[in-house]
Every structure is written in structure tokens, then in C-alpha cells.
Amino acid sequence: MSGNTSEQNVPADSGYPEPGGRAPAPAPLRLLQVFANTADREAGQDALDNPDSLTAWLASYGLVGAGTQATDGDLALAIELREGLRSLFLTHHDGGHLHGTPAPDTVVGLQRLDRALEQLPVRVVVPGGESRVEPVPQPPVREALARIGAVLVHADPAQLQRLKACRRDVCRWVFFDTSRNRGGTWCAMEICGARTKMQAYRKRKV
Numbered sequence: 001m002s003g004n005t006s007e008q009n010v011p012a013d014s015g016y017p018e019p020g021g022r023a024p025a026p027a028p029l030r031l032l033q034v035f036a037n038t039a040d041r042e043a044g045q046d047a048l049d050n051p052d053s054l055t056a057w058l059a060s061y062g063l064v065g066a067g068t069q070a071t072d073g074d075l076a077l078a079i080e081l082r083e084g085l086r087s088l089f090l091t092h093h094d095g096g097h098l099h100g101t102p103a104p105d106t107v108v109g110l111q112r113l114d115r116a117l118e119q120l121p122v123r124v125v126v127p128g129g130e131s132r133v134e135p136v137p138q139p140p141v142r143e144a145l146a147r148i149g150a151v152l153v154h155a156d157p158a159q160l161q162r163l164k165a166c167r168r169d170v171c172r173w174v175f176f177d178t179s180r181n182r183g184g185t186w187c188a189m190e191i192c193g194a195r196t197k198m199q200a201y202r203k204r205k206v
């Protein structure tokens, strides 16, 4: 990494096991991973389903103080950022293209990420001669979301490319690919990989 992100609490491990026994992403990338995974698409569960749950989640990672309140606009921005990150991580397989044509949902997702980051400005500061990316001062929830964005902005590109969204369209769980050739495709081969291959097999038999 070319420098340090802000000194906010960045989790090395959130306490939940990764599918297939995968290792979690290292800090500070772990913050991007756990934030993107606040929505479990297959289970139909969303840890950010209202403004109070958003502040509770941010507080659990030390990103806002107790008693902080979020607005509906803050929640909408958080969802934009999260879904945009998920789309970005999907492109880390092969550029997010299907048969040479950009996947429409990927394009839309990246546009959502752009819109979110535009509202979450960060700046580079150099205290003591070491560069650091931190949010431009703004209301607490927006500043917390900007800290998540700052991790993305200042991440080591080679490490960031290892964050991927599962290729199975009903899953999209974000995992950290530790394989030497960076060829990981599924959050867990024995779960999503096996189910996808079984679906493909059944289609061929029809």
C-alpha cells in the first residue's frame, strides 16, 4: 500500500466465517468486504434495511459515535456505495464483461459507485511526512461512509483486485481471492460453484 488510510477502526476480522473456509481480506480491505456483504442476496437479508440499522452497523465498527442518527438520504447513499462496490468487485474477474459486451447490471452498478463517491469527498493529508486519505469534514454518517470510500481510493491496486463478487448471480458474496493465479470464481466452490455447474448440466440435458 502506498500510504495509510485514516486511523479509524478498520476490522481485520468481523467474527463471521467466510464461505468455504476462505480467509478474510486483510485490513483495511476487510472494511470494504464486510460493508459489501451487509446484504445477503441469497438469504434475502439486509443489515442496512433502515437508517437506524445503518448507524448501528457503522457504530459497531467505530465509524460513528453512540447516538448518531442517519437520514433516509444517508441510507440511500450507503446502498448506492455498497451496490456500486459489489459491481466493482464483480469486474475483478475479467473486466465485468460477458461475451465481449459489458453486462448491463455491471455498468449500472459502476455508475452508482461513481455517484456515491461524488458525494463522499476525501482529501490527502501528509501529517509527519506520511500520506493519508481522510474524509472532507461533513455530517457524521456521511463522513463514516467517506471513510469506507477512502479505503477504496487509497488501496493497493494489486490487493484490491483480489476482492471479488461471487459469479453466481443470486449470490454475489464478496470474497478475497488468495489463489496464486487469482483465478477464484465462486465464494465457495462446494456451494456456489457446485450449484452453478449442476444448473449448467441440467440445461444441457434438456
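First residue of the sequence shown: 1, per full-length UniProt numbering; consecutive thereafter.
Using N, Cα and C, we set each Cβ at its ideal position, and we do this for glycine too.
- Approximately 5 angstroms separates the beta-carbon atoms of T38 and L48; this is inside 8 angstroms, confirming the contact.
- A straight line joining the alpha-carbon of P24 with that of G73 spans about 30 angstroms.
- The three-state secondary structure of E118, taken from DSSP, is helix.
- Straight across, the Cα-Cα distance linking V133 with A146 is about 10 angstroms.
- Around the beta carbon of P139, a 10 Å sphere encloses fewer than 16 other beta carbons of the protein chains shown; the residue is thus reported as exposed.
- Judged by pairs of C-beta atoms under 8 angstroms, the region 80-93 touches the region 101-115, as three or more such pairs exist.
- Under a 10 Å Cβ-count criterion, S179 is classified as exposed, with fewer than 16 other Cβ atoms of the shown protein chains found around its own Cβ.
- The way I'd put it, the region 113-124 does touch the region 146-155; three or more beta-carbon pairs between them come closer than 8 angstroms.
- Nearest neighbour of P104 by Cα position, chosen from R115, D52 and L90, turns out to be L90.
- Each residue's CA atom was taken as its position, placing G128 and L117 some 27 angstroms apart.
- Residue range L163 to A165 is occupied by the beta strand (DSSP E) that includes L163.
- Within the DSSP secondary-structure output, Q45 pairs in a beta bridge with D40.
- Taking C-alpha positions only, Q45 is separated from C171 by approximately 12 angstroms.
- Under DSSP, the beta-bridge partners assigned to V124 are V133.
- Cβ neighbours of A43 within its own chain (closer than 7 angstroms, five residues either side excluded): none.
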